[in-house]
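**Student:** Chain order of the listed sequences is A and B. Just so we're aligned: the first sequence equals residues 1 to 339 in this note's numbering. Just so we're aligned: the second sequence equals residues 1 to 229 in this note's numbering. We treat Cβ as the ideally placed atom computed from N, Cα and C, and that holds for glycine. Nothing here was measured: the structure is a model prediction, and the numbers come from that model. What follows is a structure written as structure tokens; I'll ask about it next.
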Amino acid sequence: MMFAPAPYLLKDVSVSKVMAQVCLALLPGIVAYAWLVGPAILFQLIIASLAALGAEAVMLRLQGKPLAMFLTDGSAIVSAWLIALTFPPLAPWWLVVTGTVFAIVIAKQLYGGLGQNPFNPAMIAFAVCIVAFPALMSQWPSVGLQLSVSDQLQVILGLMPRVDALSGATPLDAMKTALKLADGNVEVSHLLANQDLYGNFAGRGWEWVAVGYLLGGLWMWQRKLITWHVPTAYVAALVAISGSLWLYNPAQFANPLFHLLSGGAMLGAFFIATDPVSGCTTPRGKLIFGAGCGLLAYIIRVFGGYPDGVAFAVLLMNLCAPVIDLLTQPPIFGMKDKS
Amino acid sequence: MITRDEFKTIAGNGIWKQNTSIVQILGLCPLLAVTTNAVNGIMLSLATILVMALSGVAIASLRNLIPHEIRIPVFILIVAALVTVVDLLFNANLHALYLVLGIFIPLIVTNCIVLARVEAFAAKNPPLQSTLDGIFMGVGMLWTLGLLGGMRELLGNGTLFGGIDMVFPSLHPIQVLPESYPGFLLALLPPGAFILLGCMIAWKNWMEARAARRAQTKPPAPVATAGCH
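Encoded structure:
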């Protein structure tokens with residue numbers, strides 16, 4: 001970065017404007033999601049937003065910080081939306097509230113609030129809930145399940161019993177379980193031929209949600225809200241590892257496109273790993289951070305016990321971010337690069 | 001003998017001021033592992049109290065005979081002998097609980113609380129004071145581990161005093177929250193112990209800061225948090 005003496009052009013940017021644009025960029029994905037599972041996801045977004053604002057207000061009041069300034073910065077809303085989008089859409093309301101409150105109170109405010117958190121709050125919420133409530137966090141509605149709006153609301157509010165039709169696995173999880181159970185006797189192409197579960201590239205319907213996130217992410221890049229480093233390195237690492245295993249044994253490993261459009265890969269690449277607070281800040285550091293997230297996400301989702309690996313990958317890389325930043329300091333302008 | 005002030009200082013240090021778990025942050029390994037309920041935490045603390053009281057009196061009596069250069073191995077040998085006795089007692093009389101606490105009873109030997117008090121107190125003070133110091137340090141550990149265990153099982157299971165039937169067969173755990181409580185598993189896992197211990201330390205520091213504010217004096221220096229294990 002170069003600094004020149006004043007006068008500067010004033011860039012029209014503030015935290016709340018950035019956060020509003022991030023929310024806007026999430027909209028294509030949300031629209032595709034709502035088209036796929038119905039308005040349940042909108043209820044979850046509202047529940048998570050209210051919980052986040054409530055928790056934020058209480059914590060700000062306890063610390064004696066100005067409420068209006070921090071509540072309107074929009075950062076809590078972005079965390080809340082990411083939480084709602086990563087949780088199962090028909091999860092009971094208290095699950096989303098627990099995750100959101102934990103994220104805001106413990107992962108964000110106890111570390112000092114906006115800009116101080118070493119971990120991505122939304123991913124902390126996901127990790128906490130999948131460790132504490134593994135069964136509820138793995139119950140995804142089967143695609144094509146038709147529930148009326150009031151039924152969806154009743155399931156979320158716990159007024160209606162949670163029937164088996166609500167407890168499908170994600171396409172990613174179903175693929176892993178099927179491959180594991182068959183112990184090498186079933187091929188990925190056979191599984192993908194099941195059109196109830198899988199569509200053209202990845203999970204039926206879910207692939208378009210991922211494309212929605214991709215579009216939003218590209219728009220954020222075009223608006224210079226994020227730089228190209230993290231998403232590119234993330235996608236490259238994910239394609240590299242999934243592609244090499246796929247070339248090695250296409251019968252047992254799904255193709256790179258499947259992995260790119262499954263689970264939280266796209267959301268993670270553009271909206272989660274690009275978090276400026278908990279990620280790296282140097283250009284080379286961002287490349288390492290993004291590549292690490294993509295690589296770990298693949299390893300955890302394919303070889304690990306959890307349905308998806310993006311949350312744990314991002315948290316593990318958050319842990320490494322300070323030391324990566326330290327080791328990738330760009331040379332000072334005018335100095336020779338010692339390395 | 002012992003004066004009233006001396007007694008007060010020893011008791012106050014053990015229970016609050018120098019509390020092993022939330023001030024000295026010693027013995028984190030058993031603290032994280034056994035406080036999945038209040039009973040386990042309390043019983044392990046009772047075993048530790050017994051060991052600390054006995055090692056206090058033993059080492060304080062022998063303190064002038066132990067060569068300074070090899071004092072640590074001698075302390076460890078004495079503590080190990082006492083722990084073996086406690087271990088056998090638990091195995092014989094509270095076998096179910098012995099199986100739950102498992103390796104953590106023999107590990108009292110290496111618990112830095114015991115060695116720290118022996119080295120810092122019993123090696124320099126008369127037997128009576130050393131015994132009291134061991135007991136009160138143990139009482140400090142007892143209430144913190146009991147409270148931590150109680151909070152963890154309440155959040156994790158919705159019960160209190162789970163496993164009490166292993167100590168008193170006639171008693172049963174109390175179901176505090178309704179049966180339909182889904183259980184917050186994280187509280188029973190190590191991260192839950194770390195987070196709740198952090199909250200307890202914050203609460204203790206807040207109490208101290210408030211007391212200091214009320215006394216209109218300078219707040220005490222920040223508490224050293226030298227970890228172990």
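Any beta-carbon of chain A closer than 8 Å to the one on isoleucine 22(B)?
**Tutor:** False, the Cβ-Cβ gap to chain A never drops below 8 Å.
**Student:** Using three-state DSSP, classify isoleucine 25(B) as helix, strand or coil.
**Tutor:** Three-state DSSP puts isoleucine 25(B) in coil, outside helix and strand.
**Student:** How about isoleucine 135(B): is its C-beta nearer than 8 Å to some C-beta of chain A?
**Tutor:** Not an interface residue.
**Student:** Would you say phenylalanine 90(B) reaches chain A, if we count a Cβ-Cβ gap shorter than 8 Å as a contact?
**Tutor:** By this cut-off, phenylalanine 90(B) is not an interface position.
**Student:** Which stretch, first to last residue, makes up the alpha helix (DSSP H) that contains glutamate 208(B)?
**Tutor:** Run containing glutamate 208(B): 190-214, per the alpha helix (DSSP H) assignment.
**Student:** What span of residues does the alpha helix (DSSP H) with tyrosine 33(A) cover, start to end?
**Tutor:** Start and end: 15-37.
**Student:** One question on the structure: do alanine 135(A) and isoleucine 104(A) come within less than 8 Å of each other, judged by their Cβ atoms?
**Tutor:** In this structure, isoleucine 104(A) does not lie closer than 8 Å to alanine 135(A) by Cβ.
**Student:** Compare the C-beta of isoleucine 106(A) against all C-beta atoms of chain B and say whether one is closer than 8 Å.
**Tutor:** Cβ-Cβ to chain B under 8 Å: yes for isoleucine 106(A).
**Student:** Is it right to say glutamate 179(B) is buried, meaning 16 or more other beta carbons lie within 10 angstroms of its own, or is it exposed?
**Tutor:** Per the 10 Å Cβ criterion, exposed.
**Student:** Under 8 Å between the Cβ atoms of glycine 158(A) and cysteine 129(A)?
**Tutor:** No, these two residues do not count as a Cβ contact at 8 Å.
**Student:** Distance check for tryptophan 94(A) and methionine 151(B), CA to CA, integer angstroms please.
**Tutor:** Approximately 20 Å, taken between the alpha carbons.
**Student:** To test your reading of the DSSP string, which unbroken beta strand (DSSP E) runs of 3 or more residues are found completely within the stretch 274-316 of chain A?
**Tutor:** None, since the stretch 274-316 of chain A contains no complete beta strand (DSSP E) of that length.
**Student:** I want to see whether chain B comes within less than 8 Å of alanine 103(A), judged by CB atoms only; does it?
**Tutor:** Not closer than 8 Å to any Cβ of chain B, the Cβ of alanine 103(A) fails to qualify, so no.
**Student:** Pull up the distance between the alpha-carbon of glycine 14(B) and that of phenylalanine 258(A), whole angstroms please.
**Tutor:** Cα-Cα distance, rounded: 60 Å.
**Student:** Between which two residues does the alpha helix (DSSP H) carrying asparagine 157(B) extend?
**Tutor:** First-last of the alpha helix (DSSP H) with asparagine 157(B): 127-157.
**Student:** Mind checking proline 171(A): buried by the 16 CB within 10 Å criterion, or exposed?
**Tutor:** So proline 171(A) ends up on the buried side.
**Student:** With a CB to CB cut of under 7 Å and the five nearest residues on each side skipped, what residues in its chain are close to isoleucine 174(B)?
**Tutor:** Correct list, in chain order: Thr159, Leu160 and Phe161.
**Student:** Let's test the definition: count the other Cβ atoms within 10 Å of the Cβ of proline 89(A) and tell me whether it reaches 16, buried, or not, exposed.
**Tutor:** Buried, since its Cβ has 16 or more Cβ neighbours within 10 Å.
**Student:** List the residues of chain A that phenylalanine 184(B) touches, going by C-beta distances under 7 Å, in chain order.
**Tutor:** The contacting residues are Ala132.
**Student:** The stretch 191-222 of chain B: which residues have C-beta closer than 8 Å to a C-beta of chain A, in chain order?
**Tutor:** Under the 8 Å Cβ criterion, the stretch 191-222 of chain B contributes Pro191 and Ile195.
**Student:** Taking the alpha helix (DSSP H) that leucine 370(A) falls in, what are its first and last residues?
**Tutor:** Residue numbering for chain A in the displayed model covers 1 to 339; residue 370(A) lies beyond these limits and cannot be assessed.
**Student:** What does DSSP give as the partner residue(s) for tyrosine 234(A) in the beta ladder?
**Tutor:** For tyrosine 234(A), which the question treats as bridged, DSSP gives no partner whatsoever.
**Student:** For aspartate 73(A), count the other beta carbons within 10 Å of its own beta carbon; 16 or more makes it buried, fewer makes it exposed. Which is it?
**Tutor:** Aspartate 73(A) should be labelled buried.
**Student:** I need the DSSP call for tyrosine 98(B), collapsed to helix, strand or coil.
**Tutor:** In this structure, tyrosine 98(B) counts as helix in the three-state DSSP scheme.
**Student:** Taking the alpha carbon of isoleucine 113(B) as the reference point, which residue from Leu31(B), Ile201(B) and Arg210(B) has its own alpha carbon closest?
**Tutor:** Nearest C-alpha to isoleucine 113(B): Leu31(B).
**Student:** Tell whether a beta-carbon distance below 8 Å holds between leucine 97(B) and methionine 166(B).
**Tutor:** Cβ distance < 8 Å, so leucine 97(B) and methionine 166(B) count as in contact.
**Student:** Spell out the partners DSSP gives isoleucine 66(B) in its beta bridges.
**Tutor:** According to DSSP, isoleucine 66(B) bridges with nothing at all.
**Student:** Leucine 177(B) CB to nearest chain A CB: under 8 Å?
**Tutor:** It does not: the Cβ of leucine 177(B) has no partner Cβ on chain A nearer than 8 Å.
**Student:** Give me the Cβ distance between alanine 321(A) and glycine 279(A), rounded to the nearest whole Å; I'm assuming they're in contact under 8 Å.
**Tutor:** With a Cβ gap of about 6 Å, alanine 321(A) and glycine 279(A) count as contacting.
**Student:** Given that a residue counts as buried once 16 or more other Cβ atoms are within 10 Å of its Cβ, and exposed if not, what is tyrosine 8(A)?
**Tutor:** So tyrosine 8(A) counts as exposed.
**Student:** Give me the subset of the stretch 109-134 of chain A whose CB atoms are less than 7 Å from a CB atom of chain B, sorted by chain position.
**Tutor:** Listed by position, the residues of the stretch 109-134 of chain A near chain B (Cβ gap below 7 Å) are Val128, Val131, Ala132 and Phe133.
**Student:** Exposed or buried, which one is glutamine 152(A) when buried takes at least 16 other CB atoms within 10 Å?
**Tutor:** Its Cβ being crowded by 16 or more others within 10 Å, glutamine 152(A) is buried.
**Student:** So is alanine 99(B) in contact with chain A if we call contact Cβ pairs under 8 Å?
**Tutor:** Here residue 99(B) is leucine; the residue named in the question, alanine, does not match the sequence. Not one chain A Cβ lies under 8 Å of leucine 99(B).
**Student:** Would alanine 32(A) and valine 209(A) be called neighbours here (beta carbons separated by less than 8 Å)?
**Tutor:** For alanine 32(A) and valine 209(A), yes; Cβs fall inside 8 Å.
**Student:** Within 8 Å of any Cβ in chain A, is that where the Cβ of leucine 189(B) sits?
**Tutor:** Yes, leucine 189(B) counts as interfacial toward chain A.
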